[in-house]
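Sequences listed follow chains R and A, in order.
Quick note on numbering: my numbering labels position 187 of the first sequence as 187, and the sequence is numbered without any gaps.
Quick note on numbering: my numbering labels position 114 of the second sequence as 114, and the sequence is numbered without any gaps.
By construction, the Cβ of each residue, glycine as well, lies at the ideal position given by its N, Cα and C atoms.
There are 2 protein chains.
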Amino acid sequence: MRLTKISDIRKRELRRAAFEVLQREGMAGATLEKVAAQAGASKGIVLHYFANKQQLFEHAMREANAVLKDAVVRRLNRANTPFERLEAIIEGNFEDRFFQPSICHAWLSLCAEVPRDPQLARIQKVIHARMRSNLLSALIHFLPEEECETVVLGITALIDGLWLRLGLQSEGLTREDALRQMRDYLSHRLPSGAA
Amino acid sequence: MRLTKISDIRKRELRRAAFEVLQREGMAGATLEKVAAQAGASKGIVLHYFANKQQLFEHAMREANAVLKDAVVRRLNRANTPFERLEAIIEGNFEDRFFQPSICHAWLSLCAEVPRDPQLARIQKVIHARMRSNLLSALIHFLPEEECETVVLGITALIDGLWLRLGLQSEGLTREDALRQMRDYLSHRLPSGAA
DNA sequence: CATTTTACTGTCCCATAGGTCAATTATTGA
DNA sequence: TCAATAATTGACCTATGGGACAGTAAAATG
């Protein structure tokens, strides 16, 4: 058996191309032809590897999410204390190479389709469940159980909100601003000795 | 002069129809024909009142935003103390009739277009500037000036994040959850005697 | 009442997008 | 080496969408 099947390579190339086109063009403007061009291939090949446009973008979202997940996991593995785990989750979500307007634009376009694509909704659900479970396992060391729920929602909403702001006003919000905001939240919301 | 010009009525009907179609179909699926059908008119009329599709949706966003603004302003007028003004802003952003998945879906679709439509970006900028100024004028009574900036970002990001969550997981986040979250933030972030 | 302006419709046109398919070119494995 | 399988292309089809337009109905205005 070949080490890496060519179909896997192509699929990944096409997923990535799809994501890049999405950054520039949004969902409406992201045509199969443009995706093919971005990948340096013909339109036919896209539909050879993906059943249809929807499926292509579902896979694009899965991949984008997987990359983010890996970043968080890598940081989690290096974390030793509950607080470090919290930091790992948060900083993973604001890594330099992700926290960029164009990436956020693509992400937004995908999110906007969630209500009409059950598959995207499923992916979204998985993402959120993982985030929640990661946060809970760290927060439980600092807060009583019911307060944890509140803070989980607070952290996730803050992260999402900061990302959205990045997408809507490309300039004027740096990674550092975002991280500072998250730390500000934690320092006020967690018990004083937590850090 | 006529009391209400028919053109104003039509334009408003079409803006609203556009917004409703956006809720159901997203930007890609929102065609002029569907908007016309939703308004009970013919496609031609849409382009009679709006130069093109883009402009139609720009006006739809303006109107949606105006409605939200009015809700906040009405509450602000009834507020007497700085803290009540804070509450007004926050509660205005989570009024029952707005804080609904379908509305959020339309909003998301519009936001996803912001990077490619300077006009939408401008509207977005105005919205944000108003929010910021409203919040600052209230927060300045509780916090030193530089901390105000931080909390403004915190509040806006939280609001956006909670809205996004509503759009992505229609069930499982009520208006009350959202308000509780905001109050939780304020109670921890503002000086203890603030409320 | 006549004319000009405004409201509105339906048809037409062109471009393009998604998707199918047959044909062509590697790859592979026996 | 040769059949079989996979990769890839490009032509094609169909539907549809945005927009232009000509023409009709309805108001407004003088």
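What's the C-alpha gap between residue i and residue j?
| i | j | result |
| --- | --- | --- |
| residue 190/R | residue 139/R | 9 Å |
| residue 157/A | residue 93/R | 15 Å |
| residue 112/R | residue 54/R | 13 Å |
| residue 31/A | residue 182/R | 40 Å |
| residue 47/A | residue 29/R | 21 Å |
| residue 184/A | residue 174/R | 26 Å |
| residue 3/R | residue 10/R | With a pLDDT of only 49 at residue 3/R, under the threshold of 50, the placement of this residue in the model should not be trusted; the figure read from the coordinates follows. Looking at the two C-alpha atoms, the distance is approximately 14 Å. |
| residue 1/A | residue 13/A | Caution is warranted here: a pLDDT of 42 is assigned to residue 1/A, below 50, making its placement in the model unreliable, and the coordinate value is therefore given only provisionally. Residue 1/A and residue 13/A: Cα-Cα distance of roughly 21 Å. |
| residue 192/R | residue 130/A | 34 Å |
| residue 101/A | residue 170/A | 6 Å |
| residue 35/R | residue 41/R | 9 Å |
| residue 7/A | residue 176/R | 49 Å |
| residue 84/R | residue 188/R | 17 Å |
| residue 141/A | residue 147/A | 11 Å |
| residue 38/A | residue 74/A | 30 Å |
| residue 80/R | residue 79/A | 48 Å |
| residue 137/A | residue 18/R | 44 Å |
Who are the neighbours of residue i on chain A, taking C-beta pairs under 7 Å?
| i | result |
| --- | --- |
| residue 81/R | Neighbours of residue 81/R on chain A: none; closest Cβ ~22 Å, over 7 Å. |
| residue 48/R | What residue 48/R touches in chain A: nothing, since even the nearest Cβ is about 23 Å away. |
| residue 168/R | 111, 114, 124 |
| residue 14/R | Result: empty, since nearest Cβ-Cβ is about 20 Å, beyond 7 Å. |
For residue i, would you say it is in contact with chain R, using Cβ-to-Cβ distances shorter than 9 Å as the test?
| i | result |
| --- | --- |
| residue 8/A | no |
| residue 19/A | no |
| residue 60/A | no |
| residue 193/A | no |
| residue 108/A | yes |
Which residue marks the beginning of the alpha helix (DSSP H) containing residue i, and which one marks its end?
| i | result |
| --- | --- |
| residue 36/A | 32-39 |
| residue 179/A | 175-189 |
| residue 65/A | 53-78 |
| residue 151/A | 145-168 |
| residue 11/R | 6-29 |
| residue 82/R | 82-92 |
| residue 126/R | 118-139 |
| residue 102/A | 101-113 |
| residue 44/A | 43-49 |
Closest Cβ-Cβ distance between residue i and chain A: below 9 Å?
| i | result |
| --- | --- |
| residue 174/R | no |
| residue 69/R | no |
| residue 144/R | no |
| residue 44/R | no |
| residue 3/R | Because residue 3/R sits at a pLDDT of 49, beneath the cut-off of 50, its placement in the model cannot be relied upon, and the point is left open. |
| residue 124/R | yes |
| residue 35/R | no |
| residue 101/R | yes |
| residue 121/R | yes |
| residue 141/R | no |
| residue 177/R | yes |
| residue 29/R | yes |
Name the chain R residues that come within less than 9 Å of residue i, Cβ to Cβ?
| i | result |
| --- | --- |
| residue 159/A | 157, 161 |
| residue 189/A | 184, 185, 188, 189 |
| residue 105/A | 112, 114, 115, 116 |
If you measure between the beta carbons of residue i and residue j, is that distance less than 9 Å?
| i | j | result |
| --- | --- | --- |
| residue 71/R | residue 95/R | yes |
| residue 123/A | residue 179/A | no |
| residue 152/A | residue 135/A | yes |
| residue 97/A | residue 60/A | no |
| residue 167/R | residue 108/R | yes |
| residue 116/A | residue 26/R | yes |
| residue 120/A | residue 58/A | yes |
| residue 69/R | residue 127/R | yes |
| residue 66/R | residue 103/R | no |
| residue 155/A | residue 110/A | no |
Identify the contact partners of residue i in chain R, using a Cβ-Cβ distance below 7 Å as the criterion.
| i | result |
| --- | --- |
| residue 113/A | 26 |
What in chain A is Cβ-close to residue i, meaning under 8 Å?
| i | result |
| --- | --- |
| residue 164/R | 111, 157, 160, 161, 164 |
| residue 154/R | 158, 181, 184, 185 |
So with CB distances below 9 Å, who are the chain A contacts of residue i?
| i | result |
| --- | --- |
| residue 150/R | 180, 181, 184 |
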